[in-house]
Amino acid sequence: MGRLSLGLLANARPGPAPFIGVFAGGAFLSGRIPPRANNHRHILAGVRKNLPRRWACLILGGALLMPYMMAGALVAGLTSGGQGEFLLPLQVGLYAAVLPVVAVTGLFLPVRGLEVSAAQGLLGARVETPPRDARRSWQERRRTAAWFTLHLAVGGVVSGFTLAIVPFTLYTLALPFVADPLPVLGVAVRPGWPTLAWTAAGLAALAALVLMAAGAGALLTRLAPVLLGPTPGERLAAAEERARVLAERNRLARELHDSVGHALSVVTLQAAAAGRVLDRDRETARAALDAIERSARAALEDLDHALGVLRAGDPPGGPGARGDWATLDDLDTLVASSGAPVEHEVGDVSAVPAPVSREAYRIVQEALTNAIKHGRSPVRLAVAVRDGALRLEVTNRTAAPGSGNENGDGNGARGGRGLAGMRERVRLLNGDLDAGPAEAEGWWRVRARLPLRSAP
Numbered sequence: 001m002g003r004l005s006l007g008l009l010a011n012a013r014p015g016p017a018p019f020i021g022v023f024a025g026g027a028f029l030s031g032r033i034p035p036r037a038n039n040h041r042h043i044l045a046g047v048r049k050n051l052p053r054r055w056a057c058l059i060l061g062g063a064l065l066m067p068y069m070m071a072g073a074l075v076a077g078l079t080s081g082g083q084g085e086f087l088l089p090l091q092v093g094l095y096a097a098v099l100p101v102v103a104v105t106g107l108f109l110p111v112r113g114l115e116v117s118a119a120q121g122l123l124g125a126r127v128e129t130p131p132r133d134a135r136r137s138w139q140e141r142r143r144t145a146a147w148f149t150l151h152l153a154v155g156g157v158v159s160g161f162t163l164a165i166v167p168f169t170l171y172t173l174a175l176p177f178v179a180d181p182l183p184v185l186g187v188a189v190r191p192g193w194p195t196l197a198w199t200a201a202g203l204a205a206l207a208a209l210v211l212m213a214a215g216a217g218a219l220l221t222r223l224a225p226v227l228l229g230p231t232p233g234e235r236l237a238a239a240e241e242r243a244r245v246l247a248e249r250n251r252l253a254r255e256l257h258d259s260v261g262h263a264l265s266v267v268t269l270q271a272a273a274a275g276r277v278l279d280r281d282r283e284t285a286r287a288a289l290d291a292i293e294r295s296a297r298a299a300l301e302d303l304d305h306a307l308g309v310l311r312a313g314d315p316p317g318g319p320g321a322r323g324d325w326a327t328l329d330d331l332d333t334l335v336a337s338s339g340a341p342v343e344h345e346v347g348d349v350s351a352v353p354a355p356v357s358r359e360a361y362r363i364v365q366e367a368l369t370n371a372i373k374h375g376r377s378p379v380r381l382a383v384a385v386r387d388g389a390l391r392l393e394v395t396n397r398t399a400a401p402g403s404g405n406e407n408g409d410g411n412g413a414r415g416g417r418g419l420a421g422m423r424e425r426v427r428l429l430n431g432d433l434d435a436g437p438a439e440a441e442g443w444w445r446v447r448a449r450l451p452l453r454s455a456p
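1 is the number of the first residue of the sequence shown in the UniProt record's numbering; add one for each residue after it.
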């Protein structure tokens, strides 16, 4: 990295072009300098690319400092009787006096968003945009105040030198073309070689100003991510928000797996039934086709809702959250549209909390889907509340060995995620799930216990 230390101290007597003296040192020029013979080309390319925007950011800092300087000058004028407001020592004193005021106001003014935008757009710093709804912690306030003070302090110095040196350089460039003596910093300069010396001094001052602006801009660029970036608390909050969004998307994936999987199973069974009776029993075939239409439409609605939420990026519980997910109250509809005879007995579930009811519905739906796909009739369903817990039980006859349609491990012959999804739902509710052969030979049973008090 190229390092440049620049010390510049200028003093001026009262005259038409006074300016402030300042020391700026230890600044790093931006850009990575490769170890090649043409390093200067890379330096110049970096300066041409970044310097104008960074200089504008420094001028912005100087402009923001002006109200503080004007207020300080007003107070100084009232206390000193209006004498010497523009003397250099007074200007330096005002500059030093207003910086603590800048720091205090930076603690309370909502300037972080403005400063982040300036750092991103003008400095080219890689600063993460702060969350809009984040509460301002004192750690964030202190860091913002430190950056605000640094920006205005450095920007004020560079702006002061810019306002002084640029006109001074233009003035000295005009000296060789004027026949009469002209005053320069209180000294009368006569035509001849002295004018060339002052012109060279003006150009050197301009070059020093460019180097100062480049160094100050690089310094602010390096410090912007440190002072304006997310605080540890904000990073933690962002991680928690990402975890909530991921959990919501996982929930949507489970809902889609259960609802669409069930609908496809119903469509398959009803289509097969309609095909078998189409020629001899048109009413039964029509009823099967109606069931196919209802199941497909419901699955399409669930899919459309889930895709809409994923596209919009709604947070959990946000505008895209759906409040009409099926519950245990919809079991009769589920059984009627299952496409197979189901003997069901559902007790009083009015005391079941809504989150438990929704998850229980999905567990029953998945269990029925597996029973219909991989087992045989009859299928039996029992739902009851006992001992502070919701009890679910689905039993069915297993398919004939070798038919390729056995319940197997409950995941289905094609290796789906049925049992895994049910276990995940039960685990989230601190419940128990048991799936396997029943006591009676040739029967398969899925039994779940969901504590009512474990509702999220």
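C-beta atoms are modelled at their ideal positions from N, C-alpha and C, and glycine is treated no differently.
Contact annotation: leucine 429 and leucine 450 have beta-carbon atoms nearer than 7 Å. For a cut-off of 8 Å, the C-beta gap from alanine 263 to serine 295 is around 4 Å, short enough to register as a contact. Glutamate 241 and glycine 113 have their C-alpha atoms some 21 Å from each other. Bounds of the alpha helix (DSSP H) holding glycine 113 are 112-118. In the displayed model, serine 377 falls within a strand according to three-state DSSP. Here threonine 395 is not near glycine 442, since their CB atoms are 7 Å or more apart. For the segment 192-276, the continuous alpha helix (DSSP H) assignments of 4+ residues that do not extend past its boundaries occur at 193-228, in sequence order. Per the Cβ contact rule, the segment 346-354 is in contact with the segment 376-387 (3 or more Cβ pairs under 8 Å). By the Cβ criterion, the segment 195-205 is not in contact with the segment 116-123, since fewer than three pairs of Cβ atoms, one from each stretch, lie closer than 8 Å. Nearest to valine 342 by alpha-carbon distance, out of Gly93, Ala360, Thr369, Ala239, is Thr369.
Contact annotation: valine 127 and leucine 58 have beta-carbon atoms that are not nearer than 7 Å. Residue burial is scored here from C-beta neighbours: threonine 231 has at least 16 other C-beta atoms within 10 angstroms and is therefore classed as buried.
Only exposed fits valine 226, as fewer than 16 other CB atoms lie within 10 angstroms of its CB.
For leucine 182, the secondary structure class from DSSP, reduced to helix, strand or coil, is strand.
The way I'd put it, the segment 131-150 does touch the segment 100-108; three or more beta-carbon pairs between them come closer than 8 Å. Per DSSP, arginine 126 lies in no beta strand (DSSP E) segment and is marked neither H nor E. By the neighbour-count criterion, in which a residue is buried when 16 or more other Cβ atoms sit within 10 angstroms of its Cβ, proline 437 is exposed.
Collapsing the DSSP output to three states places valine 166 in a helix. By the Cβ-count criterion, glutamate 140 is buried, with 16 or more other Cβ atoms from all chains shown falling within 10 Å of its own Cβ.
Judged by DSSP secondary structure, valine 426 falls within the alpha helix (DSSP H) whose first and last residues are 418-428. Pairing leucine 390 with alanine 360 gives a Cβ-Cβ distance under 7 Å. By the 16-neighbour rule on beta-carbons within 10 angstroms, lysine 49 is exposed.
A residue is called buried once 16 or more other Cβ atoms fall within 10 Å of its Cβ, and glutamate 366 is buried on that count. Between glutamate 115 and leucine 196, the gap from beta carbon to beta carbon reaches 7 Å or more. In the three-state scheme derived from DSSP, where H, G and I count as helix and E and B as strand, glycine 339 is classed as coil. Contact between the segment 59-79 and the segment 171-184 is absent: fewer than three C-beta pairs spanning the two stretches fall below 8 Å. From the listed residues Phe161, Gly156, Gly217, the smallest Cα separation to alanine 96 is found for Gly156. Under a 10 Å Cβ-count criterion, serine 265 is classified as buried, with 16 or more other Cβ atoms of the shown protein chains found around its own Cβ. Closest in alpha carbon position to leucine 152, among Ala216, Ala207, Pro89, Pro194, is Ala216. Per DSSP, the beta bridge partners of asparagine 396 are Val379, Trp444.
In this structure, the beta-carbon distance from serine 337 to alanine 291 falls below 7 Å. For glycine 233, same chain residues with a beta-carbon under 6 Å away, outside a window of 5 residues either side, are Ser137 in chain order. Of the candidates Ala440, Leu219, Asp434, Leu219 places its Cα closest to the Cα of leucine 150. For valine 187, the enclosing beta strand (DSSP E) starts and ends at 187-189. For the options Arg453, Trp444, Arg276, Arg54, the alpha carbon positioned closest to that of valine 352 is the one of Arg453. Within a 10 Å sphere around the beta-carbon of valine 187 sit fewer than 16 other beta-carbons, which makes this residue exposed.
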